[in-house]
Amino acid sequence: MKGRDLLRDYLAGHLTRGDVQRKLTGRAKESRHLLPIMDADRHGRHFLSDLQPPEGAAERLTQVILSPDLSSTVFQENKQVGRLQKIFDLMPFDVVGAGQPVSKSKIKKGKIEKAAPAKIRRSNTKTANRKTTNKKGKRK
Amino acid sequence: MPSLRLQGDRVSKGHEEIRISPDIPEKVSEWFSTAATADRIPPFFVREWLGQVLQENYRLFYGIGYGYFHDPSYAEDAVQSAALKALQKLRQLKRPQTVLAWFASITRNTCLDLLRNPNSRAAESLDEVSCSPASNSIDQVRIDWQRKLLVEINKLPENQAIVVRLRFLDDCDLGEIAERLGLRKNTVEVRLHRALEKLSHSPCLRALKEEYL
Numbered sequence: 047m048k049g050r051d052l053l054r055d056y057l058a059g060h061l062t063r064g065d066v067q068r069k070l071t072g073r074a075k076e077s078r079h080l081l082p083i084m085d086a087d088r089h090g091r092h093f094l095s096d097l098q099p100p101e102g103a104a105e106r107l108t109q110v111i112l113s114p115d116l117s118s119t120v121f122q123e124n125k126q127v128g129r130l131q132k133i134f135d136l137m138p139f140d141v142v143g144a145g146q147p148v149s150k151s152k153i154k155k156g157k158i159e160k161a162a163p164a165k166i167r168r169s170n171t172k173t174a175n176r177k178t179t180n181k182k183g184k185r186k
Numbered sequence: 150m151p152s153l154r155l156q157g158d159r160v161s162k163g164h165e166e167i168r169i170s171p172d173i174p175e176k177v178s179e180w181f182s183t184a185a186t187a188d189r190i191p192p193f194f195v196r197e198w199l200g201q202v203l204q205e206n207y208r209l210f211y212g213i214g215y216g217y218f219h220d221p222s223y224a225e226d227a228v229q230s231a232a233l234k235a236l237q238k239l240r241q242l243k244r245p246q247t248v249l250a251w252f253a254s255i256t257r258n259t260c261l262d263l264l265r266n267p268n269s270r271a272a273e274s275l276d277e278v279s280c281s282p283a284s285n286s287i288d289q290v291r292i293d294w295q296r297k298l299l300v301e302i303n304k305l306p307e308n309q310a311i312v313v314r315l316r317f318l319d320d321c322d323l324g325e326i327a328e329r330l331g332l333r334k335n336t337v338e339v340r341l342h343r344a345l346e347k348l349s350h351s352p353c354l355r356a357l358k359e360e361y362l
């Protein structure tokens, strides 16, 4: 008997698993790896064939899809704007010196005076914070 | 090697003719061909078609949700949320023939999102449901096995999982699965074989076999 016929008989329930394994010899031995696959298929179909959804669930789903007020709930623009974005939107654009950039050639020609960088005065922190008293509170 | 010839929605391979698309109204296919420029809200006839397709295959999608949440009401909620998501993104569906596989992916992703979100009702209740003591009735044992099987199926890659779901839940043969998913029969055969091989190695199926053989 060929391996295929044996497996068919096993599927039909005419043979037990042990019988099939015993009879699958020679070349047909290669078909043995199909037995667990066939078992998985049979058990899966047996257990899941009677899985039932709640009554009327499919109809409720169709109602959700066909409901006329769907556009207002599902398709409305609900683009969320962050808090920082809101602040920036409210603020007027008043950054100093944010005009057109001045070209270098114009500066060279002297048409526009190059603004001298403002000097940053160094504060004399050393003198200002110098300790005038020692630990005991006496003046040096 | 036999040549492939495409005729409308049919492919003929030698003498054998394989139908590769489910019935789609002409109006709906037209809308999908211009969907990129169409209105954001799908028209009523497209929604009607989608509703009909989902209703006919509801067990398939419910099975996905039930595998994740182990609770009928949460599974139903998940499928409804997935349907709303699908409506929003319907214009992005390139081939309406593959609507089943497309919606199955959306349902799966929706379930995963709901589980990941710590504030969602479903995520909170999952522990309670799975830890609830099982009664000794035969039905409860069967329900437990169903849950375990669905969990194992959900662990498979989506393209294999949907083939197995159609096989287990709707008892479809290879031709029917190919027709419903818009795939070729050979592709379905390979995917089903790989999926069943993986499932047969899973501890759930092994335990099931030991108990019932």
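Quick mapping for you: the protein sequence lines, in order, are chains A and B. According to the working numbering, the first sequence is numbered sequentially starting from 47. According to the working numbering, the second sequence is numbered sequentially starting from 150. From the three backbone atoms N, C-alpha and C, an ideal C-beta is built for every residue, glycine too.
Between residue 63 of chain A and residue 52 of chain A, the C-beta spacing is not below 8 Å. Boundaries of the alpha helix (DSSP H) harbouring residue 262 of chain B: 248 to 265, taken from the DSSP string.
Using a Cβ-Cβ cut-off of 8 Å, residue 218 of chain B does not count as an interface residue toward chain A, since no Cβ of chain A sits closer than that to its own. Counting other Cβ atoms within 10 Å of its Cβ, residue 202 of chain B reaches 16 or more and is therefore classed as buried.
Looking at the backbone, the Cα of residue 263 of chain B and that of residue 230 of chain B are separated by about 10 Å.
Per DSSP, the continuous alpha helix (DSSP H) segment holding residue 200 of chain B begins and ends at 193 to 205.
Secondary structure note for residue 220 of chain B: it is in no alpha helix (DSSP H), with a DSSP letter that is neither H nor E. What residue 226 of chain B touches in chain A, judged by beta-carbon distance under 7 Å, is nothing: the nearest beta carbon there is about 10 Å away.
Around the C-beta of residue 183 of chain B, fewer than 16 other C-beta atoms lie within 10 Å, and the residue is accordingly described as exposed. Nearest to residue 172 of chain B by C-alpha distance, out of B/249, B/296, B/318, is B/249. Residue-level contact check: residue 221 of chain B touches chain A, since one or more beta carbons of chain A fall below 8 Å from its beta carbon. Under the 10 Å beta carbon count, residue 58 of chain A is surrounded by fewer than 16 other beta carbons and is classified as exposed. According to the DSSP assignment, residue 316 of chain B belongs to the alpha helix (DSSP H) that extends over 307 to 319. Proximity to residue 245 of chain B across B/195, B/291, B/258, B/311 peaks at B/195, based on C-alpha coordinates. When Cβ pairs closer than 8 Å are counted between the two stretches, the segment 95 to 103 of chain A is seen not to touch the segment 349 to 360 of chain B, the count staying below three. Using a Cβ-Cβ cut-off of 8 Å, residue 89 of chain A counts as an interface residue toward chain B, since at least one Cβ of chain B sits closer than that to its own. Near chain B, meaning a CB-to-CB distance below 7 Å, the residues of the segment 92 to 103 of chain A are 93, 94, 95, 97, 99, 100, 103. The segment 287 to 296 of chain B and the segment 172 to 181 of chain B do not touch, with fewer than 3 CB-CB distances between them shorter than 8 Å. Here the C-alpha atom of residue 338 of chain B lies approximately 16 Å from the C-alpha atom of residue 349 of chain B. For residue 70 of chain A, the nearest beta carbon of chain B is not closer than 8 Å to its own beta carbon. By the beta-carbon neighbour count (other beta carbons within 10 angstroms, threshold 16), residue 219 of chain B is buried. Its chain contains 181, 184, 248, 251 as the residues whose beta carbon lies nearer than 8 Å to that of residue 242 of chain B, once the 5 sequence neighbours on both sides are disregarded; these appear in chain order. In the DSSP assignment, residue 96 of chain A falls outside any alpha helix (DSSP H) and carries neither an H nor an E. Counting along the chain, residue 179 of chain B sits inside the alpha helix (DSSP H) bounded by residues 175 to 182.
Between residue 344 of chain B and residue 305 of chain B, the gap from beta carbon to beta carbon is short of 8 Å. In the three-state reduction of the DSSP assignment, residue 352 of chain B falls in the helix class.
Against residue 294 of chain B, the close residues of chain A are 93, in the order they occur along the chain (beta-carbon pairs closer than 8 Å). Apart from sequence neighbours up to five positions away, the residues of its chain that approach residue 208 of chain B with a beta-carbon distance below 7 Å are 318, 319, ordered along the chain.
Rounded to whole angstroms, the Cβ separation of residue 307 of chain B and residue 340 of chain B is 11 Å, and the two are not in contact under 8 Å. Contact annotation: residue 83 of chain A and residue 346 of chain B have beta-carbon atoms nearer than 8 Å.
The Cβ atoms of residue 255 of chain B and residue 227 of chain B do not sit closer than 8 Å to each other. Contact of residue 58 of chain A with chain B is not assigned, every C-beta pair being separated by 8 Å or more. Going by beta carbons, residue 197 of chain B and residue 107 of chain A fall outside the 8 Å limit.
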